[in-house]
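Following numbering that gives the first Met the number 0, the numbering of the sequence shown begins with 0 at its first residue and continues without gaps.
Backbone N, C-alpha and C define an ideal beta-carbon position, used for all residues, glycine too.
On a predicted model such as this, the values are computed, not experimentally measured, just so you know.
What follows is a set of notes on a single structure, which appears directly below.
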Amino acid sequence: MKRFLLMVQFFTRIPINKEFEIEEGDFHKGVIYLPLIGLIIGLFMAGIYYITKTYSGDIIAIVMALLFGYLITGALHIDGLADTCDAIFTMKTKEKMLEIMKDSRLGTYGTLAVLFDILLKVSLLLSLDKSYRAIAIIVAPVIGRTFLTVSLYKAEYPRKDGTGNLFVGKVTLLDIVLTMVISLFLIFFILRVEGLLVFAIAIPFTLLVRKYLIGKVGGLTGDMLGTINEVNEILTLFILMFLQNWR
0 MKRFLLMVQF FTRIPINKEF EIEEGDFHKG VIYLPLIGLI IGLFMAGIYY ITKTYSGDII
60 AIVMALLFGY LITGALHIDG LADTCDAIFT MKTKEKMLEI MKDSRLGTYG TLAVLFDILL
120 KVSLLLSLDK SYRAIAIIVA PVIGRTFLTV SLYKAEYPRK DGTGNLFVGK VTLLDIVLTM
180 VISLFLIFFI LRVEGLLVFA IAIPFTLLVR KYLIGKVGGL TGDMLGTINE VNEILTLFIL
240 MFLQNWR
């Protein structure tokens, strides 16, 4: 329970008024709970969607759900996406890219990445049937955080310090297996066989994105993990859109 609450504190802005002793190993051992964190975030977002939809149109309800998702996470992952895009699309040296990622200022590529992230999510959710939309809102954060965790395995952290160093390369194969088992159970419960297809496609997709990002700076940073989360959420929505159209 301590590690679960630690993950809630680290990856969300949900207030946890509980003090407990923390060891460094608690961080990377707590990643098995990230699919559950994704589920909690998704359920909150779906709730906001339904409440807002009662008093407004579909677009406003979707935007409010996404806004709540960014607020409840402190925009942690989309900020990572912005910083990563600012860095890797400058075509600089590895050292310069790492320096850019630590810069708090938002550049042109980061701005474009945030805009495309939001526009794609809104457009994809609008393309789904209303009965399917809330399910997608719930599932996407689960998949995103599952494969954020998978990316940590046997990766290197390219800096001497940073919060990402608490996780990157520290997780064991058992941690990954437990994470995937928890995620598969949740996804199958929500989406049945379609959920397994989403999961199967996300595996090679994540490995390709991970390889590309590592090739840029020689390791994975916390910002890059946020990027992996965001692109997997978008991938999930794309897959669900195609599955819906093939029915």
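Boundaries of the alpha helix (DSSP H) in which residue i is found, first to last residue
| i | result |
| --- | --- |
| Asp-102 | Unbroken run through Asp-102: none, as it is neither H nor E. |
| Arg-335 | Since the first and last residues shown for the chain are 0 and 246, residue 335 lies out of range. |
| Ile-50 | 33-54 |
| Met-240 | 221-245 |
| Leu-80 | 75-87 |
| Phe-26 | 24-28 |
Helix, strand or coil at residue i [DSSP, three-state]
| i | result |
| --- | --- |
| Asp-128 | coil |
| Lys-169 | coil |
| Pro-14 | coil |
| Asp-160 | coil |
| Tyr-152 | coil |
| Thr-92 | coil |
| Thr-145 | helix |
| Phe-67 | helix |
| Phe-19 | coil |
| Met-179 | helix |
| Thr-72 | coil |
| Met-0 | coil |
Environment of residue i [buried if 16+ CB atoms lie within 10 Å]
| i | result |
| --- | --- |
| Thr-162 | exposed |
| Gly-56 | exposed |
| Asn-16 | exposed |
| Glu-229 | buried |
| Asp-102 | exposed |
| Asp-128 | exposed |
| Pro-34 | buried |
| Val-247 | Residue 247 lies beyond the residue range present for the chain, which begins at 0 and ends at 246; the question has no answer from this structure. |
| Val-170 | buried |
Beta-carbon spacing of residue i, residue j below 7 Å
| i | j | result |
| --- | --- | --- |
| Tyr-142 | Asn-231 | Rather than Tyr, the amino acid found at residue 142 in this sequence is Ile. The answer is yes: Cβ separation under 7 Å. |
| Pro-140 | Val-216 | no |
| Leu-177 | Ile-39 | no |
| Asp-82 | Met-63 | no |
| Arg-144 | Gly-37 | yes |
| Ile-227 | Ser-150 | yes |
| Ile-61 | Leu-124 | yes |
| Phe-26 | Lys-1 | no |
| Leu-5 | Gly-29 | yes |
| Gly-225 | Gly-79 | yes |
The stretch 126-141 in contact with the stretch 38-48 per 3-pair CB rule at 8 Å: yes
Validate contact between the stretch 179-198 and the stretch 107-117 using beta carbons, cut 8 Å, 3 pairs: no
Segment contact, 8 Å Cβ cut-off, at least three pairs: the stretch 58-74 with the stretch 190-199: no
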